[in-house]
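These notes are about the structure you will find just below.
Number of protein chains: 2
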Amino acid sequence: MDVNAQFELSKEYLEKLKNAIDGDDKDFIKTTMDGVNHADISSVLEEFNSADSKFVIDLLDVEVGANIISDLDDDTQKSFLKEFDSVEIAKFIDYLDSDDSADILNELPLKARQEVISKIENQEKTANILELLRYEEDSAGGLMAKEMIRANINWTVVQCIEEIRRQAGNVQKIYSVYVVDNKDKLLGRVSLKRIILADDNKKIADIYEDDIASVETFMDEEEVASIMRKYDLEAVPVVNVHGKLVGRITIDDIVDVITELAEQERQLMSGISEDVEEDDSLWVSARARLPWLVIGLAGGILAAKVMGFFEEAIKSVTAMAFFVPLIMATGGNVGIQSSSIIVQSLANKSVFEENTFKRLLKALLVAIINGAVLGAVVFITSYLLIDNDIRLAIVVSTSLVSVVLLASFTGTLTPLVLDKMGINPALASGPFITTANDLLGLGVYFIIFYVLY
Amino acid sequence: MDVNAQFELSKEYLEKLKNAIDGDDKDFIKTTMDGVNHADISSVLEEFNSADSKFVIDLLDVEVGANIISDLDDDTQKSFLKEFDSVEIAKFIDYLDSDDSADILNELPLKARQEVISKIENQEKTANILELLRYEEDSAGGLMAKEMIRANINWTVVQCIEEIRRQAGNVQKIYSVYVVDNKDKLLGRVSLKRIILADDNKKIADIYEDDIASVETFMDEEEVASIMRKYDLEAVPVVNVHGKLVGRITIDDIVDVITELAEQERQLMSGISEDVEEDDSLWVSARARLPWLVIGLAGGILAAKVMGFFEEAIKSVTAMAFFVPLIMATGGNVGIQSSSIIVQSLANKSVFEENTFKRLLKALLVAIINGAVLGAVVFITSYLLIDNDIRLAIVVSTSLVSVVLLASFTGTLTPLVLDKMGINPALASGPFITTANDLLGLGVYFIIFYVLY
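Now the structure itself:
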């Protein structure tokens, strides 16, 4: 196969494949999928239902099938796995790394999980998987694989190469050999490049780097991601609380983590309450959107109720109602901007965090600048364009400035508080907080109107 | 240094360092920074101004200084570079890979850039950098480094190892050796693992993998990222239009790309118009937020103007004004949800894109479900809670359903159109579109009121 000849993923192929599945044309499937990268086959099968996909996977090598299933996104994987019995899943697991195996087992109901585990033949793998299942899925322990090359510090280079040879089948990608002492405590690493260039009789002790980054099993995946990003690592060793080497996290898994976190945040910010994809069913799509819309609706009803209390005021100075959208929208906008800046700086956590007071002070100063500009603009335009009522112009611009200040304050504080409580601070740019800010703005406007007009 | 002993990045250290800089205590700086990872020193220096940082960098090894500068984010890097003259920058570049060198040169004004290039001593590096500067910064060509190991297909393993030895100083991280023919056409790769395990006299031709992914120089960084993510690559070779191997992109650069794109999107979604950080100056922070706020304000003024046309209607049926926030907020919410789903699926581009008609149809069906639910809720609550006016309840719920349908439509279509025009579709969840949706909703409400009431 030519180096650039990627598998032709065309709609035509999809149709032909569908026909082949329906017509039981096994030869077509086997021939066209021969030598194709499993990631490409996964993309194809994401377009088919679980039963059709099982039909295809059954025709392929078990190893290819195992990798295809491991490639799928969580939801699709879950529904695919229902098509396979525990013996089949156990066979797939034979071909997968411990971390991918644990991910698959995590998608199974508890009983099915036990059954599959009891059917895995390789006892070392079983032990590894059982260990991994103990960790939180989003911790370093839950992300790591047990497969890696470790070398004792007293070994020579040639002993190290023998170990690589022995493990070659188990460890797909070897970036470094991790160096441990007799008690398995992590001491450092030797890159493959150094092993290639070193004399065979050299001691590992003489060529290893001792100044390397490592992570602990309990560390949160976001923290692992930020360490790997900071030090440009392709793999990071994982140690337990005693400093013993227990696993390794590779960058491909962290790339997935970073991508998923960004997607999650986009969904939070846009008020979608479930992990949905465009190709989900109508019902799932509708259901994922309803909660925010209902919250927004409740906010709207509440706003209507509040305005109802001021019915007389609106009747006598109708123009005051004209500015309700302006006040509310500005409050919402300022709130999202402020919280988004904080969310961003929380995501790039550094040790030099500003303290909360300083942050609020700065937010307030920015708000004063922007509030002054906006207040002036709205004072002039509302007076000239809408209603030549100077008292109303004063009320509107005063309210606007107050709302800008208030929304900056809540927008800055909310993500900080959520973060302290262990809740994803991106929620602060989401529906609930936005609706609350809107109502706050409305309340301020009516109170100021009541006082000043 | 112990394997886990990371550099102590404390506020105390920052203060001591500040005192050392002010008091010209060079010993303190040299001693405390000895052996510290450059990424950690970069984090420290991001807290200092350019002049103080130069003072520190001048005390360190040129290689460490070069890496520190390369680590900095673009803005900080730009202001740091102003402190150094062209000879100093050329010296830093001596220690950096071609891609990092090109990134630094891209931060310099054209004249300074020419000056620095003329002072780089290594002619091969100069040629490499000049080549890289020709590519768009956000294309595969702009991301790649020229440093990599290439082996001719006719070589033996031992010749390949000699090449690795020869290039060991130039290429920091070697994951694979790329295999080319006599005309430098990329044929495949050999992993370091395979080189270690192969017999020295084996031919490269017998052990290389020919079925590998590669990217072309003109490919967009997002596309490169999605290929590396799909195939779990730690590095990908870059070829020109003739299939010749011209460079290599490593995953650490792609991790940065993914992170930056996510940040950019967050800023777009939250209506911040410049790339700001929390620690930017007051003025920069205020300025970055103003454009959206002013757009929002203009939208608000326009809304007020529209409502002004209906002053009489509002005077006679004041309660109709109560529902303006509800209608507008729901329109905005639905619009953001719809566009965000499309933005997400555009980001995970697959060849099996739905066509626009199917997408709109689906969006419409989801909108019908949600519109029906919300319409029913608002019909009942508005009648019972706010104003026992059945005609108004009909107007409000009809308007709400229309707005949900309309906002789903524009929310779905806008990112698709923006994408076709080559504009970042995430903009569709941003300020301008949201404001437009708000106004559309308001218009629909008043028209329906006018027709039905």
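If you're matching them up, the sequences are chains A and B in order. Every position in the first sequence, counted from 1, becomes a number in the working numbering once 731 is added. Every position in the second sequence, counted from 1, becomes a number in the working numbering once 731 is added. Glycine included, each C-beta is placed from N, C-alpha and C at the ideal position. Because the structure is a prediction, the values reported are computed rather than measured.
Within its own chain, the residues whose Cβ lies closer than 8 Å to the Cβ of A/Lys761, once the five positions on either side in sequence are excluded, are Leu790, Leu791, listed in chain order.
For B/Val986, the residues of chain A that pass the 9 Å Cβ criterion are Ala956, Met959, Arg960, Asp963, Ile982, Ile985, Val986, Ile989, in the order they occur in the chain.
According to the DSSP assignment, B/Asn1168 belongs to the alpha helix (DSSP H) that extends over 1162 to 1183. Cβ-Cβ separation between A/Val986 and B/Val986: approximately 6 Å, consistent with a contact (criterion under 8 Å). DSSP, reduced to helix, strand and coil, places A/Asn1064 within a helical segment of the structure shown. Interface flag for B/Ile1100 against chain A is set, since a Cβ pair is found closer than 9 Å. Listed in chain order, the beta strand (DSSP E) runs fully inside the region 895 to 928 of chain B are 907 to 911, 917 to 922, counting runs of at least 3 residues.
Between B/Ser817 and B/Glu794, the C-beta spacing is not below 9 Å. With contact defined as three or more Cβ pairs closer than 8 Å, the region 943 to 957 of chain A and the region 973 to 985 of chain A are in contact.
Contact of B/Asn768 with chain A is assigned, a C-beta pair being separated by under 9 Å.
A distance of 9 Å or more separates the beta carbons of B/Ile799 and A/Gly1031. A straight-line Cα-Cα distance of about 14 Å links A/Tyr939 and A/Val889. Beta-bridge analysis with DSSP links B/Val946 to B/Val969. For the region 1028 to 1048 of chain B, residues whose beta-carbon sits nearer than 8 Å to a beta-carbon of chain A comprise Leu1028, Gly1030, Gly1031, Ile1032, Ala1034, Ala1035, Lys1036, Met1038, Gly1039, Glu1042, Ile1045, Lys1046. Between the region 1123 to 1141 of chain A and the region 1049 to 1063 of chain A there are three or more inter-stretch CB-CB distances shorter than 8 Å, so the stretches are counted as touching.
Taking CB atoms only, B/Asp1169 has a neighbour in chain A less than 9 Å away. Straight-line measurement puts the Cα of B/Ile926 at about 14 Å from the Cα of A/Asp931.
In the DSSP secondary-structure assignment, A/Glu940 is bridged to A/Arg920.
In the displayed model, B/Asp930 falls within coil according to three-state DSSP, outside both helix and strand. No Cβ-Cβ contact shorter than 9 Å links A/Thr948 with A/Val921. Contacts with chain B (Cβ-Cβ distance below 9 Å) from the region 818 to 850 of chain A involve no residue at all. Closest in C-alpha terms to A/Asn1119, from the list A/Thr1049, A/Gly900, A/Lys933, comes A/Thr1049.
Residue-level contact check: A/Phe1163 does not touch chain B, since none of the beta carbons of chain B fall below 9 Å from its beta carbon. Contact between B/Ile1073 and B/Thr1143 holds, with the beta-carbon distance rounding to 6 Å and staying under 8 Å. Within the region 865 to 895 of chain B, the residues whose Cβ lies closer than 9 Å to any Cβ of chain A are, in chain order, Ile892, Ile895. Nearest to A/Gly1066 by alpha-carbon distance, out of A/Glu867, A/Pro1146, A/Asp825, is A/Pro1146. Taking CB atoms only, A/Thr1129 has no neighbour in chain B less than 9 Å away. Just measuring C-alpha positions, the residue of A/Leu874, A/Ala876, A/Glu894 sitting nearest A/Ala882 is A/Glu894. In this structure, the straight-line span from the alpha carbon of A/Asn1079 to that of A/Val1025 is close to 33 Å.
Assignment of beta-bridge partners to B/Asp951 by DSSP yields B/Ser870. Taken atom to atom, the span from the alpha-carbon of B/Ala1052 to that of B/Ile1154 is near 37 Å. Under a criterion of Cβ atoms nearer than 9 Å, the residues of chain B adjacent to A/Gly1002 are, in order, Asn1064, Ile1067, Gln1068, Ser1071.
Residue environment analysis places A/Met1152 among the exposed positions, since fewer than 16 neighbouring C-beta atoms fall within 10 angstroms of its C-beta. Excluding the 5 residues flanking it on each side, A/Ala782 has same chain C-beta neighbours closer than 7 Å at Glu814, in chain order. If you ignore the 5 residues before and after A/Phe786, its C-beta comes within less than 6 Å of the C-beta of Ile752, all in its own chain and listed in chain order.
Secondary structure at A/Leu976: strand, using DSSP grouped into helix, strand and coil.
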